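There are 2 protein chains.
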Amino acid sequence: MVRRNVPLVEQVILELLADIDRGEFVRSNGVLPSEAELAQRFSVSRATVRDALSRLEATGVVIRRQGVGTFVNQFLSKHPAALQDWFEEAHGFVDALRSMGRNPEVLMLRAVVEPAGEVSDHLQVAPDDPVIVVEKIITSAGAPLIHSVNATPLSLLPPENQPRAVELAGGCESTFRFLDDYCRSRVHHQQSEIRAVLTGEKLALLLACRASEPCLQVEEVAYSVDLAPLFYGLNHFRGDTVSFRQIRRPSARG
Amino acid sequence: MVRRNVPLVEQVILELLADIDRGEFVRSNGVLPSEAELAQRFSVSRATVRDALSRLEATGVVIRRQGVGTFVNQFLSKHPAALQDWFEEAHGFVDALRSMGRNPEVLMLRAVVEPAGEVSDHLQVAPDDPVIVVEKIITSAGAPLIHSVNATPLSLLPPENQPRAVELAGGCESTFRFLDDYCRSRVHHQQSEIRAVLTGEKLALLLACRASEPCLQVEEVAYSVDLAPLFYGLNHFRGDTVSFRQIRRPSARG
DNA sequence: AAGTGGTCTAGACCACCAT
DNA sequence: TGGTGGTCTAGACCACTTA
Chain H
45 MVRRNVPLVE
55 QVILELLADI
65 DRGEFVRSNG
75 VLPSEAELAQ
85 RFSVSRATVR
95 DALSRLEATG
105 VVIRRQGVGT
115 FVNQFLSKHP
125 AALQDWFEEA
135 HGFVDALRSM
145 GRNPEVLMLR
155 AVVEPAGEVS
165 DHLQVAPDDP
175 VIVVEKIITS
185 AGAPLIHSVN
195 ATPLSLLPPE
205 NQPRAVELAG
215 GCESTFRFLD
225 DYCRSRVHHQ
235 QSEIRAVLTG
245 EKLALLLACR
255 ASEPCLQVEE
265 VAYSVDLAPL
275 FYGLNHFRGD
285 TVSFRQIRRP
295 SARG
Chain U
45 MVRRNVPLVE
55 QVILELLADI
65 DRGEFVRSNG
75 VLPSEAELAQ
85 RFSVSRATVR
95 DALSRLEATG
105 VVIRRQGVGT
115 FVNQFLSKHP
125 AALQDWFEEA
135 HGFVDALRSM
145 GRNPEVLMLR
155 AVVEPAGEVS
165 DHLQVAPDDP
175 VIVVEKIITS
185 AGAPLIHSVN
195 ATPLSLLPPE
205 NQPRAVELAG
215 GCESTFRFLD
225 DYCRSRVHHQ
235 QSEIRAVLTG
245 EKLALLLACR
255 ASEPCLQVEE
265 VAYSVDLAPL
275 FYGLNHFRGD
285 TVSFRQIRRP
295 SARG
């Protein structure tokens, strides 16, 4: 069930990323070949090359300057990603941490089925509809980094699996995996809000830091392709060890 | 000197935004016309329509579903923007706040020329090269929201204006304006890092909140089109009244 | 099967930057 | 002036959803 018919754009992206990783453009001072040349080299149209470069630019890998050329963003290699990858990609923290070379572990604290209650609004269900709540801590090198509570409507699980909900959800290292493996649902997009809060006593215990330390709170709702809420998440990141990174561009023209 | 030759894509974007604001697609339940129909309606190619829709999707205004259609993201109208606009656009806070209907005011605290010191690394200048430091507070409805310190290399200012640096910089409501008006430099992109910190005593005073409250810290460096650092900024947002919003999409395919 | 968005092409012209 | 990225077109086919 691993349908693949990899679009040219993505192949081009992978080629370019590999070239950059290999330091292919170092001797040219970070200058990539022109779009026309890349098109020829990869035997694709210039539009396809441009599509690939646009996506690479959107994630900050590359910088384009009209009339000049395309350059690799050397800042990124000098300053290894904060949580940029997670930030832009929308997938589990565990995967994000892995892809930045850390070695995360998941500590499952709780997996229960209970009434939606306060999160019913976000999930667009009734307050007493059952949701699967999973609480976990993600550590790296033995130190806790992230505390995460996710709530998924029980109804997403096929009826025959609902009795095993706790077992199944508790066995997954991320909600993304759970949805993928057991609910046959994929996350289409996610809406998050980022705030700064203080660690309360409970959270301080869990994150192994003092109470009243600053931490980043990320509240998010994931939606399926048909815009149904898939899960609600409330995550806290240790303020001293985690930060997000973002690249922005002005679009307005004078 | 207001060159304009507005690209079709941007015109299409503006038309669509206006339509959405006007509630044009409400009766159709948020469904936009198909790309082909929009192309015909605006008398542009489908590629141009797709470009416009892609950019609207990237900022979360619209959601596209293959095989189904394009929809306005009704979540956004229900929950008015946090600081999403600033977050994605890279321009001054003041503009961002204005565009979300608030009425920000700028309180200039300090404008001085001094050695770069600690920020010399970020600005790629020598530690004793002079920079213009501007410290200000942005308030809305009388309450302070943001404390901001920006450092710009003095060398960006044309030599004849350097003696007036303090006066000029102190008179601008945002560093973007200052760069635009007096340095003939534009921001090409910005790299920011977001952390959670505590308000120290000084910051608490300035933001009119208690010390040891959580707040969001955004540290950023802006680069010109030729990748020269334009300014370094260290900003603090009151944790209780400001949050960022972000929309993410997974790109990996199973 | 019909209709939607997603990918891809080949070619054109423009705006910008260097020289 | 020549080369770069930015915009735009018209047309083709594919992948996906819905009925």
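As you go down the protein sequences, you meet chains H and U in turn. Quick note on numbering: the first sequence equals residues 45 to 298 in the numbering used here. Quick note on numbering: the second sequence equals residues 45 to 298 in the numbering used here. For glycine and all other residues, C-beta sits at the position ideal for the given N, C-alpha and C. A quick note: this is a predicted structure, and the numbers were derived from the prediction, not measured.
* Using the rule of at least 16 other Cβ atoms within 10 Å of the residue's Cβ for burial, across every protein chain shown, is H:P171 buried or exposed? -> exposed
* How many angstroms separate the CA atom of U:V169 from the CA atom of U:P159? -> 10 Å
* Asked: With C-beta atoms as the reference, is H:A248 less than 9 Å away from H:S256?
  -> yes
* If we call anything under 9 Å between Cβ atoms a contact, is U:Q234 one with H:R109? -> no
* Asked: Nearest chain H C-beta to U:S256 closer than 9 Å, yes or no?
  -> yes
* To do: Identify every residue that forms a DSSP beta bridge with H:E79.
  => According to DSSP, H:E79 bridges with nothing at all.
* Measure the Cβ-Cβ separation of U:T103 and U:I238 and say whether it is below 9 Å. => no
* In chain order, each alpha helix (DSSP H) run of at least 4 residues that lies wholly inside the region 151 to 190 of chain U -> 164 to 167
* DSSP beta-bridge partners for H:H135? -> H:H135 is not bridged to any residue.
* Please list, in chain order, all residues of the same chain as H:T107 whose beta carbon is under 6 Å from its beta carbon, the five residues on each side excluded. => According to the sequence displayed, residue 107 of chain H carries Ile and not Thr. Excluding positions up to five away in sequence, the list reads F115, N117.
* Please determine, among H:Q261, H:D224, H:L189, the residue with the shortest C-alpha to C-alpha distance to H:A240. => H:Q261
* Asked: Cα separation between U:V286 and U:R254?
  -> 16 Å
* At a cut of 8 Å, does the region 274 to 285 of chain H reach the region 61 to 72 of chain U through at least three beta carbon pairs? -> They do not touch, by the three-pair rule.
* **Which listed residue (H:E162, H:V156, H:L198, H:G186) has its alpha carbon closest to that of H:V178** => The option with the nearest alpha carbon to H:V178 is H:V156.
* Sequence-distant residues of the same chain with beta carbon closer than 6 Å to H:A213, five excluded per side -> A155, I176, V178, F222
* Asked: Cβ of H:L141 within 9 Å of Cβ of H:I181?
  -> no
* Asked: Which whole-angstrom value describes the C-beta separation of U:A209 and U:L201, a residue pair presumed to lie in contact below a C-beta threshold of 8 Å?
  -> 6 Å
* Completely contained alpha helix (DSSP H) runs for the region 236 to 294 of chain U, where each covers 4 or more residues -> 245 to 251
* **With 16 other Cβ atoms within 10 Å as the buried cut-off, status of U:P203** => exposed
* **Proximity to U:L52 [Cα-Cα], best of U:E101, U:P77, U:L76, U:R94** => U:R94
* Asked: Expressed to the nearest angstrom, what Euclidean distance is found between the alpha-carbon atoms of U:E263 and U:G186?
  -> 25 Å
* Asked: Does any CB atom of chain H fall closer than 9 Å to the CB of U:D270?
  -> yes
* Asked: Quick one: what does DSSP say H:S142 is sitting in, helix, strand or coil?
  -> A quick correction: the sequence has Arg, not Ser, at residue 142 of chain H. Looking at H:R142 - three-state DSSP - the assignment turns out to be helix.
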